[in-house]
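Residue numbers (the UniProt record's numbering): 1 to 79.
A short write-up of the structure that comes next.
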């Protein structure tokens, strides 16, 4: 399979993964291009969309509050 066709392939992403009790129900699955699916798991692991959103909001809030030290504080608390 060429790199180009591999990028275009769609894969099923479970919002609540099966390991945590998620099902194959339509409302729990979103189709993502393979590369985007890989990136999701690199960035957020097995977090749900809501959990990832809360994590990003906390990081943004911490960045605004901590200024230059935000990355160290974030890694200490959530890394």
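Don't be surprised by glycine CBs; every beta carbon is placed ideally from N, CA and C.
Residue from the options with nearest C-alpha to residue i
i	options	result
residue 60	27, 26, 73	73
residue 30	17, 65, 42	17
residue 33	24, 21, 41	41
Boundaries of the alpha helix (DSSP H) in which residue i is found, first to last residue
i	result
residue 64	49-66
residue 76	70-78
residue 41	34-44
Range covered by the beta strand (DSSP E) that runs through residue i
i	result
residue 11	10-14
Beta-carbon separation (whole angstroms), residue i vs residue j, contact threshold 8 Å
i	j	result
residue 50	residue 44	Residue 50 to residue 44, Cβ: 11 Å. No contact.
residue 15	residue 28	5 Å
Could you tell me whether the region 27-37 touches the region 9-16, where touching means 3 or more Cβ pairs closer than 8 Å?
yes
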